[in-house]
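In order, the protein sequences belong to chains A and B. FYI, numbering that gives the first Met the number 0 numbers position 74 of the first sequence as 73, with every residue one higher than the one before it. FYI, numbering that gives the first Met the number 0 numbers position 108 of the second sequence as 107, with every residue one higher than the one before it. Idealized CB from N, CA, C, for every residue including glycine. Here the structure comes first, spelled out in structure tokens, and everything after it is commentary.
2 protein chains.
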Amino acid sequence: MEPITLADVRTAATRIAPHVWRTPLVACEPLSAALRCDLRFKAESLQHGGAFKARGACNAVFALSDDEALRGVVTHSSGNHAAALARAATRRGIPVYVVMPHNASPIKLAAVRAYGVEPILCEPTSEARERAALEAQERYGARLVHPYDDPLVMAGQGTLALEVIDDWPEIDTVVVPVSGGGLLAGVLTAIKAIRPEVQVIAAEPAWADDTARSLASGKNEVPTRYDTLADGLRAAVGKLTLPVLTRWLDDLILVEEETIRAATRTISAEARLVAEYSGAVPLAAVMTTPERFAGRRVGLVVSGGNLDMGGCRLGESPRSA
Amino acid sequence: MEPITLADVRTAATRIAPHVWRTPLVACEPLSAALRCDLRFKAESLQHGGAFKARGACNAVFALSDDEALRGVVTHSSGNHAAALARAATRRGIPVYVVMPHNASPIKLAAVRAYGVEPILCEPTSEARERAALEAQERYGARLVHPYDDPLVMAGQGTLALEVIDDWPEIDTVVVPVSGGGLLAGVLTAIKAIRPEVQVIAAEPAWADDTARSLASGKNEVPTRYDTLADGLRAAVGKLTLPVLTRWLDDLILVEEETIRAATRTISAEARLVAEYSGAVPLAAVMTTPERFAGRRVGLVVSGGNLDMGGCRLGESPRSA
């Protein structure tokens with residue numbers, strides 16, 4: 000029994016259409032020539048909030064009955080999902096409780112506040128986060144919107160696959176970053192129902208290889224470290240998502256940190272897109288095994304563009320000509 | 000007598016459609032909220048070659064008769080136009096002669112070579128460039144494709160305005176960077192013919208204010224310095240373009256260097272687009288006089304994304320969380 004079907008993804012697409020952007024598929028001729036395949040970037044970095052997370056969050060929020068909606072939604076993500084849920088709830092005009100560790104990055108906190116929502120700060124432990132989220136559920140009756148192990152969220156994320164195959168019918172390969180697996184499960188559900196011959200390949204940091212190990216062992220493995228540059232890919236693969244991956248996934252490619260860094264630079268220089276490290280992981284997979292992709296028509300999901308530029312802010316240190 | 004008409008722009012749009020990309024208009028909700036207007040970026044940074052120049056170059060190249068085309072095209076631009084012409088000529092399979100100073104930036108040289116064209120290097124003076132270009136014209140019968148003072152180039156650049164008003168019928172203001180004025184003249188020709196009530200505003204660096212002075216004096220003034228960060232905007236306004244600007248332009252806003260730098264950073268952080276300094280000048284104009292734009296629906300042309308990141312390469316120096 001699959002957690003979601005193509006029909007769920009199609010329903011999500013209709014539901015969220017007024018609230019998310021149909022992002023472009025960006026071609027890059029010189030990079031395609033260099034890597035000997037036709038590469039196009041699905042630029043979810045340009046999505047509202049700078050990540051695909053707007054899709055799943057809007058689907059979960061706008062699927063609520065008016066009665067459920069009155070009691071609001073809650074999550075305890077510290078990443079792009081938090082800001083996406085804040086935005087979706089604000090658009091519907093309902094309460095939203097976003098639990099974040101008090102040491103979350105100022106950029107992530109600011110992203111939630113940009114939608115007029117004040118995060119509920121807690122200690123930076125899983126227990127503290129879950130306790131604070133449970134409190135909002137019990138006190139207000141708010142619905143928990145999990146960042147990936149939620150059928151409505153998975154279906155929402157899968158809507159980007161409908162756009163990709165509509166924009167590029169000749170596509171034969173899609174590469175998707177994997178963390179909790181919500182995006183990947185949604186994409187697999189849509190593509191394997193409509194175009195089963197299109198290969199769907201997961202890209203995962205070698206330093207966050209729990210999905211690779213889970214697929215090998217057949218059960219949910221947990222990460223052994225949490226320090227990959229790709230901070231959006233540090234979560235463990237989900238209970239609901241793993242069976243979908245196990246059934247449909249064609250391949251998984253592990254990538255090294257240096258390749259993620261190089262791919263991030265390449266996307267900005269060659270495709271002029273700001274990708275966060277997690278969003279550059281699919282290109283890193285192509286750079287890792289170019290022979291695997293030679294001659295193919297490859298769609299790469301740039302999952303987000305919220306790059307903490309740190310000391311290296313674009314436009315700040317021009318080289319004098 | 001206008002150098003081009005709306006019909007020329009429409010003809011160009013049909014001619015170049017197979018060769019250029021219909022770039023997206025990217026919304027940015029938090030930035031719009033902060034600046035109290037509805038801002039959308041026409042992302043020509045995502046165009047093939049990373050700049051709107053692909054449009055004019057393709058229009059000029061594909062308008063040639065087969066007989067003319069055989070003899071090739073020549074230009075002596077050292078900027079985005081050079082690479083755009085190399086790409087257009089390569090697509091048509093005709094000779095192209097690109098004269099560049101031997102001290103041109105390695106990035107600009109590489110952009111031309113990426114399309115399989117070896118630049119003709121010359122001394123870095125205007126005389127040397129023009130002499131080398133004239134030699135190609137005389138020896139091969141190649142047609143000179145000027146970067147802006149050419150009706151086919153102007154009409155090609157104007158095609159982006161057709162896309163903007165088609166994608167966003169409610170738009171009431173367009174802000175365009177000005178250098179030679181080819182893009183601005185093309186945009187004015189299209190918009191003032193179709194939607195004369197839409198305001199078209201030029202944005203120009205205060206350190207390259209020859210267009211502002213030319214509009215004031217009524218004749219072609221020349222730049223007094225060539226050191227604005229916005230290296231794409233250092234050329235003098237053209238002989239053919241100035242009359243179009245004089246007739247139709249609604250306003251011109253001069254911007255300071257620090258504002259250009261801040262706008263470049265803001266576009267990357269808030270809209271996740273890599274803009275070159277020249278491409279950030281329209282946002283700099285809004286940041287300079289926000290009251291001028293309050294409550295309006297403003298399309299900003301991000302003219303290009305070929306930012307020389309110098310010592311500051313995206314993805315290279317992440318701040319340790």
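{"Query": "Own chain, CB closer than 6 Å to residue 157(B), minus 5 neighbours either side, in chain order", "Result": "8, 185, 186, 188 and 189"}
{"Query": "Alpha-carbon to alpha-carbon, residue 85(A) and residue 56(A)", "Result": "9 Å"}
{"Query": "Cross-chain neighbours of residue 26(A) in chain B, by beta carbon under 8 Å", "Result": "20 and 47"}
{"Query": "Cβ-Cβ separation, residue 115(B) to residue 96(B) (assumed contact under 8 Å), whole Å", "Result": "That pair is no contact at about 14 Å."}
{"Query": "As assigned by DSSP and simplified to three states, the class of residue 198(A)", "Result": "strand"}
{"Query": "Residue nearest to residue 40(A) in terms of C-alpha spacing, selected from 31(A), 179(A) and 48(A)", "Result": "31(A)"}
{"Query": "Helix, strand or coil at residue 400(A) according to DSSP, with G and I counted as helix", "Result": "Chain A is shown from 0 up to 320; residue 400(A) falls before or after that span and cannot be answered."}
{"Query": "Residue 35(B) burial status per 10 Å Cβ neighbour count (16 or more: buried)", "Result": "exposed"}
{"Query": "Residue range of the unbroken alpha helix (DSSP H) whose run includes residue 128(A)", "Result": "125-139"}
{"Query": "Chain-ordered neighbours of residue 304(B) on chain A, where CB pairs are closer than 7 Å", "Result": "271"}
{"Query": "Residues, ordered as in the chain, of the region 87-118 of chain A that lie near chain B by beta-carbon distance below 7 Å", "Result": "104 and 113"}
{"Query": "Residue span of the beta strand (DSSP E) that contains residue 96(B), given as start and end", "Result": "95-100"}
{"Query": "Nonlocal neighbours in the same chain, by C-beta distance under 6 Å from residue 161(B), ignoring five residues either side", "Result": "12 and 189"}
{"Query": "For residue 304(B) and residue 24(B), believed in contact at Cβ under 8 Å, the rounded distance", "Result": "Not confirmed; about 15 Å, so no contact."}
{"Query": "Residue from 248(B), 237(B), 202(B) and 176(B) with nearest C-alpha to residue 192(B)", "Result": "248(B)"}
{"Query": "Test: residue 277(A) CB closer than 7 Å to a CB of chain B", "Result": "no"}
{"Query": "Interface flag, residue 178(B) vs chain A, CB-CB below 7 Å", "Result": "no"}
{"Query": "Inter-residue spacing [alpha-carbon to alpha-carbon] between residue 120(B) and residue 245(B)", "Result": "36 Å"}
{"Query": "DSSP three-state assignment for residue 227(A), whether helix, strand or coil", "Result": "coil"}
{"Query": "N- and C-terminal bounds of the beta strand (DSSP E) containing residue 88(B)", "Result": "From DSSP, residue 88(B) is part of no beta strand (DSSP E) but of the alpha helix (DSSP H) over 79-91."}
{"Query": "Nearest residue (CA-CA) to residue 299(A), options 266(A), 66(A), 153(A) and 306(A)", "Result": "266(A)"}
{"Query": "Residue nearest to residue 159(A) in terms of C-alpha spacing, selected from 288(A), 286(A) and 53(A)", "Result": "53(A)"}
{"Query": "Cβ neighbours of residue 269(B) in the same chain (closer than 8 Å, five flanking residues each side left out)", "Result": "27, 29 and 30"}
{"Query": "Sub-7 Å separation of residue 272(B) and residue 82(B) beta-carbons", "Result": "no"}
{"Query": "Against chain B: residues of the region 120-137 of chain A by CB proximity under 9 Å", "Result": "none"}
{"Query": "Residues near residue 234(A) in its chain [Cβ-Cβ closer than 6 Å; skip 5 each side]", "Result": "178 and 179"}
{"Query": "Inter-residue spacing [alpha-carbon to alpha-carbon] between residue 153(B) and residue 48(B)", "Result": "18 Å"}
{"Query": "Rounded C-alpha distance that separates residue 183(A) from residue 176(A)", "Result": "7 Å"}
{"Query": "Check: residue 133(A) C-beta below 6 Å from any heavy atom of the ligand NAP", "Result": "As for the ligand NAP, it is missing from this structure, which has no ligand bound."}
{"Query": "Buried/exposed call for residue 258(A), threshold 16 Cβ in 10 Å", "Result": "buried"}
{"Query": "Contact belief for residue 111(A) with residue 132(A) at Cβ below 8 Å, rounded distance in angstroms", "Result": "Not a contact, Cβ separation roughly 14 Å."}
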